[in-house]
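Numbers given in our numbering equal positions in the sequence shown, counted from 1, plus 8.
The beta carbon of each residue, even a glycine, is placed where N, CA and C say it ideally should be.
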Amino acid sequence: MLKWKYKPVDSNEVPRERFLKRKSRGVLEAYLNQLGEQGWEFINIDFTDGIGISFVGVAKRERKDKQQGSKKFL
């Protein structure tokens, strides 16, 4: 059975351009491609109200280790 890791992702984590307060499309694309290179795949994304491109989402990737999750919530 496959095990998954989950990562909450917020567009506020994307670095902003030097003197601009908003994120450019190119910077956002580079950030998302970097997550993809690390094996993360978005399973949910919700766009939020804001200036420019704003979103929150959840990404997942396969766990490489055999250990169970460190925290149990149920």
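Just to check my reading of the structure: ARG71 and LYS11 have Cβ atoms closer than 8 Å, yes? What is that Cβ distance to the nearest angstrom? Distance from ARG71 to LYS11 at the Cβ level is roughly 4 Å; contact confirmed, criterion being Cβ atoms closer than 8 Å.
Taking just the CA atoms, how far does ASP18 sit from ASP57? Their backbone Cα atoms lie some 13 Å apart in a straight line.
So the candidates are LYS15, ARG24, VAL64; which of them puts its Cα closest to the Cα of ILE53? Here the closest residue by C-alpha is VAL64.
Determine the DSSP secondary structure at GLY65, reduced to helix, strand or coil. Strand.
Given PRO23 as reference, the closest of GLN42, ILE51, ALA67, TRP48 once Cα atoms are compared: That would be GLN42, whose Cα lies nearest to the Cα of PRO23.
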